[in-house]
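Residue numbers (the numbering used here), protein chains in the order written: chain A, 1 to 358; chain B, 1001 to 1358; chain C, 2001 to 2358; chain D, 3001 to 3358.
Glycine included, C-beta positions come from ideal geometry on N, C-alpha and C.
Working notes for the structure below.
4 protein chains.
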Amino acid sequence: MNTFGRLFRFTSFGESHGKAIGGVIDGCPSGIEIDYDFITEQLKRRRPGASKIASLRKEPDEVEFLSGIFEGKTTGAPIAFVIYNRDQRSKDYETFRDIFRPSHGDYTYYVKYGNVDYRGGGRYSARETAVRVVAGSIAMLVLKHLGITVNAYVSQVGDIKLDIPYSELDLSLTYTNDVRCPDTAVANRMYELMHDVKTRGDTVGGVVTGIIRNLPAGLGEPVYDKFHARLSYAMMSINAARGFEIGEGFSAAAMYGSQHNDAFYINEDGQIRTLTNHSGGVQAGITNGMDVVFRVAFKPVATIFKPQQTVTRNKKTVEFVYKGRHDPCVVPRAVPVVEAMAAAVTLDFLMLQRAVRL
Amino acid sequence: MNTFGRLFRFTSFGESHGKAIGGVIDGCPSGIEIDYDFITEQLKRRRPGASKIASLRKEPDEVEFLSGIFEGKTTGAPIAFVIYNRDQRSKDYETFRDIFRPSHGDYTYYVKYGNVDYRGGGRYSARETAVRVVAGSIAMLVLKHLGITVNAYVSQVGDIKLDIPYSELDLSLTYTNDVRCPDTAVANRMYELMHDVKTRGDTVGGVVTGIIRNLPAGLGEPVYDKFHARLSYAMMSINAARGFEIGEGFSAAAMYGSQHNDAFYINEDGQIRTLTNHSGGVQAGITNGMDVVFRVAFKPVATIFKPQQTVTRNKKTVEFVYKGRHDPCVVPRAVPVVEAMAAAVTLDFLMLQRAVRL
Amino acid sequence: MNTFGRLFRFTSFGESHGKAIGGVIDGCPSGIEIDYDFITEQLKRRRPGASKIASLRKEPDEVEFLSGIFEGKTTGAPIAFVIYNRDQRSKDYETFRDIFRPSHGDYTYYVKYGNVDYRGGGRYSARETAVRVVAGSIAMLVLKHLGITVNAYVSQVGDIKLDIPYSELDLSLTYTNDVRCPDTAVANRMYELMHDVKTRGDTVGGVVTGIIRNLPAGLGEPVYDKFHARLSYAMMSINAARGFEIGEGFSAAAMYGSQHNDAFYINEDGQIRTLTNHSGGVQAGITNGMDVVFRVAFKPVATIFKPQQTVTRNKKTVEFVYKGRHDPCVVPRAVPVVEAMAAAVTLDFLMLQRAVRL
Amino acid sequence: MNTFGRLFRFTSFGESHGKAIGGVIDGCPSGIEIDYDFITEQLKRRRPGASKIASLRKEPDEVEFLSGIFEGKTTGAPIAFVIYNRDQRSKDYETFRDIFRPSHGDYTYYVKYGNVDYRGGGRYSARETAVRVVAGSIAMLVLKHLGITVNAYVSQVGDIKLDIPYSELDLSLTYTNDVRCPDTAVANRMYELMHDVKTRGDTVGGVVTGIIRNLPAGLGEPVYDKFHARLSYAMMSINAARGFEIGEGFSAAAMYGSQHNDAFYINEDGQIRTLTNHSGGVQAGITNGMDVVFRVAFKPVATIFKPQQTVTRNKKTVEFVYKGRHDPCVVPRAVPVVEAMAAAVTLDFLMLQRAVRL
């Protein structure tokens, strides 16, 4: 089940230390111009080594398209792409090939498949998210065509929170700093925390906020495939994601209906809108034309440089000290991944809705 | 897309004020004994009118099975069931047939389908969750066969939180009170809050905690169909759900890796387990044999008895005062629904895993 | 896997001698007027007992809709329907409850599910096709809305073939006789053969031809989901179907390219059409705007009234003589089923095509 | 919808004159040893230029695996593979870039996607079948593991038929001649016909027979996903396929029940088997443990070297004479493709059946 989506679908393949990773996008409408610079830019934002804070591993992440594009435009045929793995350094991993690293997938994959690719996480490495970024960037290009935009940014690192609502932020600043937080002052504080955490050989979690704007009302399916249910599924499938909220999210649990309800009104263009947006743009599972606003919580990266107790495949208890290269915080790199997955979900729903209206 | 699941699937139908609601369960293993009392009990726990707090609407929720069961056991054929709507009182709703009730689905459904069933929510009524309870109860019976248990309970109502970890609670007490909180003292405080809220004509949100125990390691798919991604999708598809967490959830954002990592050890039965369970039983998307622990946030019910501003289908602004019967808090009734959906997800993954191991 | 279709989907349930059969149609566009008379008429054409030739079992086949229709029109919500089984006579079957009837599903179902519903075929009875007729009739109503028509008729019974091409037949005569053959003279000969076969306690096979007209060009998916591949799947899923052809079908194997190719020309309306239609309306898996023409072969019904050797569940060899009520030829009753399934496939492809064109 | 299968799935990509074709196999069980020689052999059997009869185009068809295999065995992760296009000669096609070649997909693709890849069929070229051969060969390796074999052979070319039943043939001789017919004498006659047809600049159709042996009873789904319905779908999705039969197929239409029924008996190993196999190994949609026997009809290749009338994109009528390289008969090359698709369907059903038996 390495395929995501129902009408706009993509299938992912590849291991972090194998030959290549890549994917096949199926169901993309034809005639969409491919903006290679945009895709490359989003990939660059995802890859490690982009800042002083992140892992030192250099992944040029050059995407090569193999099919589905002719004379610069999508043809409607499957779009296959490959990103070759160059800087693999599998040897880094050989020393702990029998060890189940705490809170990594080594153990669970071993149980599931009866084997484990000890070369650095294999399939469950965050490197797979590059595939999502390519597929999602193409979804973003289709959405852009329709006037819909998707944005994400870091709103929390450790205990440092950006409390200003997104509507008061200049989201064009997000990618101007390594933290991917549009408020420069807060970004600096987050950066310092990450730096401090790195110095201590530790890691830290964080939160990414996402916003989808200009979405038509009427997207989402009534019962199981609610817009936010699919969005939640998409977000929780990102490596290290641990929580999802739409609108007020967990805060809604402590609210009264009289506080939470969004009153309808007619805006100056004669459109039905709500005065507040506690619902986060989704009511009864279907978009209402307001901005879709959601948040995704990420746990701290499991790779820390402190001694940890663990066990081996032969059930021996050992002390384990990690040596290698990793990020103190995955959250800045998750921003383009959140954008990609949100775009894929949105386009899928748009296509589903077109199918059903004769 | 009114079907849930991949191998253990169910399809839901029916409107709250139509003839009936019901569903078809497809892919259920054959030879499972049907415990009608258990299904009836779970349905009873879901239905409104079960306590003094909840809505006054009486829904006997008698489920009638039409197929797939022969001599008390599942046959492997689709299991269809119907719950007839008896106490409909559609007239309650006629007075506001042109009004888009704030934070209900009236408006979004109208845009999506070009029509609206004004008889009380139609398809987006929480009444549909009875279908989930029937299907999920049958999943629970299959799981029970395999020694796996699923439990849920109310852990927050408004600002009253149950802070004791589930391992220190006696979960068999959950359904002994109307709040479905296993700590009687906290349950009483929650009850008082709900009562108070009701008196004020208002509603309040809350949180349900879920636990899946005795699950084998190895369930869940590697990338998109991570165990907690599908679980999140299932939970967020429940009416009024606004947030989902696995393990530490949003708290993980403020933690360090050295705090969050779960060290492996060998337990007295020679099994690989973790000393802590910050991961909530899922690592890299796959179960690790520890309890799966998750939380779902619910918003306050949109139906309040205070005057609200809204608009009509003809884009007139009106003041709206609701008259009818509803719960001040949906969370107690959501408990069996959370159990049902968690069981459905779990059984689906169990079946997928069997398929792939030759 | 009792669900058919991708966007226009229906899920079937029920056993021939259980309480009821029925289905849930999901994904049907909203606003379609339901023509109950048409559905009833198609059901009547399918049911046994409609002619002197067919089985004596009386199945009134009264369909009751439970959801998805409001004020006579589809709402976009799932359309559930039930047909209760009235004339069941399960006792007819009790005498051979341990016997695997030759060429029935008794044995294969027993192996598959570990149980067998001895009450007359249970799930694999042709009675299930009533569900297809209801769902397909609704698809036909949607197609009619778009000007597309679906027709089928009997073109062979035993060795009696109707050799006149469909374009020279008056298809409105199909349902005027019990054989469902639009050529009255040939229909009479077929009728006599069926009558003769019945007298001998035997059964006979036949062929149904189907035609879809006014279909737009461009429907069908490029590689695996070719229009005729899905159509073939749909037809071969009908009880007793043994072969499928599109266009020239098996005859094409003995043709030369110079005979088989369809030359393009511009018709008087300026449309691109082909001079001949050896392709049967589908080229490279996609409709070309010509009529889609296909044929389905059906085997003789397995229930014959002659002594047959078989074995029991306990592996005893026995002689078996069937006593009961059945058709000498299933093909006339298959006609509305072929129409239903063809309509479902066509509508599904129409919806898929709408989704992908922005 | 370029994905085939439900549990054992593969997604195909690539155009015949683009950079590459390839695929991603998802859901393959882990621990299966990859026999590269076998895959290469099957690919060689499919590729054109393998005999004097076939097209002169040389396609080395070297498959490169990018993922999912570690130390020679499948890991359970997606298996991606690429076959680069080397001998493309797109210029051959430029001369008729605006012409809709009769009975090719040029027109239907143009209507569907609003563009056409004039470089030789693009996506609808039979070159895509190489992807099926790779995926299906891996399915065959898994099946071999379980003792199940899949074979196909040419049983008709033009009007020359091999009338001997498969049980009297030595199927190991199939690939010893260019025609892929296990009866050498008949193969020679077929070869002469193909040669003659080629000399005349024409093409001819044919039939491939397939046999699946050692299959357990109990595979196949009851209603829509009957074993032979999925098999039919798989076969009809192969380029140029026009008809499908299981067991007696269209001949069954002219048979009586007393001729067609397969009597059960107990074989010397105490197993339930049938004395005859008119059913072709499938009863009521589910395998009965006998050999599955089916036939697929292929039309003559559309590319002939005689002048043909057609139209251009600008709706001009033109005479068209093809110049290029193609086969006089596609049927010999279809043999490994039929084997591949049959294996994929079989493995998929095996996995589905494992899932449902607890």
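Exercise. How is residue 47 of chain A classed by DSSP in three states: helix, strand or coil?
Worked result: coil
Exercise. Ordered along the chain, which non-local residues of its own chain (more than five positions away) have a Cβ less than 8 Å from that of residue 314 of chain A?
Worked result: 98
Exercise. Which residues of chain C have a Cβ atom closer than 8 Å to the Cβ of residue 3230 of chain D, listed in chain order?
Worked result: 2233
Exercise. Pick from B/1245, B/1254 and B/1252: whose alpha carbon is nearest that of residue 250 of chain A?
Worked result: B/1245
Problem set entry | For residue 2115 of chain C: DSSP bridge partner residues | Partner(s): none; residue 2115 of chain C has no beta bridge.
For this session: Establish whether the CB of residue 2344 of chain C and some CB of chain G are separated by less than 7 Å.
Result: The question asks about chain G, but that chain is absent: this structure's protein chains are A, B, C and D.
Problem set entry | Range of the contiguous alpha helix (DSSP H) that encloses residue 1259 of chain B | 1257-1260
For this session: May I ask you to list the residues that DSSP assigns as paired with residue 152 of chain A?
Result: A/210
Problem set entry | Range of the contiguous alpha helix (DSSP H) that encloses residue 353 of chain A | 331-356
Problem set entry | Beta carbon proximity, residue 2015 of chain C to chain B, threshold 7 Å | yes
Exercise. Taking C-alpha atoms, which residue in C/2335, C/2355, C/2080 and C/2044 lies nearest to residue 2135 of chain C?
Worked result: C/2080
Exercise. Mind checking if residue 1194 of chain B is an interface residue toward chain A, Cβ cutoff 7 Å exclusive?
Worked result: no
Exercise. How close, in whole Å, do the beta carbons of residue 1216 of chain B and residue 1289 of chain B come, if the pair is a contact with beta carbons under 8 Å?
Worked result: 7 Å
Exercise. What's the C-alpha gap between residue 1304 of chain B and residue 277 of chain A?
Worked result: 18 Å
Problem set entry | Residue-chain proximity (residue 1244 of chain B, chain A), Cβ-Cβ < 7 Å | yes
Exercise. Taking one C-beta from the region 2164-2173 of chain C and one from the region 3014-3021 of chain D each time, how about it: are there three or more such pairs within less than 8 Å?
Worked result: no
Exercise. Residue 3255 of chain D CB to nearest chain C CB: under 7 Å?
Worked result: yes
Exercise. Can you name the residues of chain B whose CB is closer than 9 Å to the CB of residue 265 of chain A?
Worked result: 1309, 1310, 1311 and 1317
For this session: Grab the span of the alpha helix (DSSP H) containing residue 3129 of chain D for me, first residue to last.
Result: 3129-3145
Exercise. Any chance the CB of residue 2342 of chain C is under 6 Å from a heavy atom of the ligand ATP?
Worked result: Only the bare structure without any ligand can be found here, which leaves the ligand ATP out of the picture.
For this session: Quickly, what does DSSP pair residue 3006 of chain D with across the bridge? List them, please.
Result: According to DSSP, residue 3006 of chain D bridges with nothing at all.
For this session: Would you check if the region 1101-1114 of chain B and the region 253-273 of chain A touch, i.e. whether three or more CB-CB distances between them fall below 8 Å?
Result: yes
Problem set entry | Beta carbon of residue 342 of chain A nearer than 7 Å to that of residue 150 of chain A | yes
Exercise. Can you tell me whether DSSP reads residue 2197 of chain C as helix, strand or coil?
Worked result: helix
Exercise. Using the rule of at least 16 other Cβ atoms within 10 Å of the residue's Cβ for burial, across every protein chain shown, is residue 3326 of chain D buried or exposed?
Worked result: buried
Exercise. What residue does the alpha helix (DSSP H) around residue 1230 of chain B start on, and which one ends it?
Worked result: 1227-1236
Problem set entry | the region 183-197 of chain A touching the region 219-226 of chain A, judged by at least three CB pairs closer than 8 Å | no
Exercise. From the beta carbon of residue 352 of chain A, is the nearest beta carbon of chain D less than 7 Å away?
Worked result: no
For this session: Identify whether residue 100 of chain A lies in helix, strand or coil by the three-state DSSP scheme.
Result: coil
Exercise. So, helix, strand or coil for residue 3042 of chain D, using DSSP?
Worked result: helix
Exercise. Can you list, in chain order, the residues of the region 1213-1224 of chain B whose Cβ is nearer than 7 Å to any Cβ on chain A?
Worked result: 1217, 1218, 1221, 1222, 1223 and 1224
For this session: Work out the CA separation of residue 198 of chain A and residue 3346 of chain D for me, nearest whole Å.
Result: 52 Å
For this session: Identify the continuous beta strand (DSSP E) that holds residue 2295 of chain C and give its terminal residues.
Result: 2292-2298
For this session: Can you say whether residue 1064 of chain B is buried or exposed, counting buried as having 16 or more other CB atoms within 10 angstroms of its CB?
Result: exposed
Exercise. Does any residue of chain C bring its CB to less than 7 Å from the CB of residue 1330 of chain B?
Worked result: no
For this session: Quick one: grab the DSSP three-state call for residue 3186 of chain D.
Result: helix
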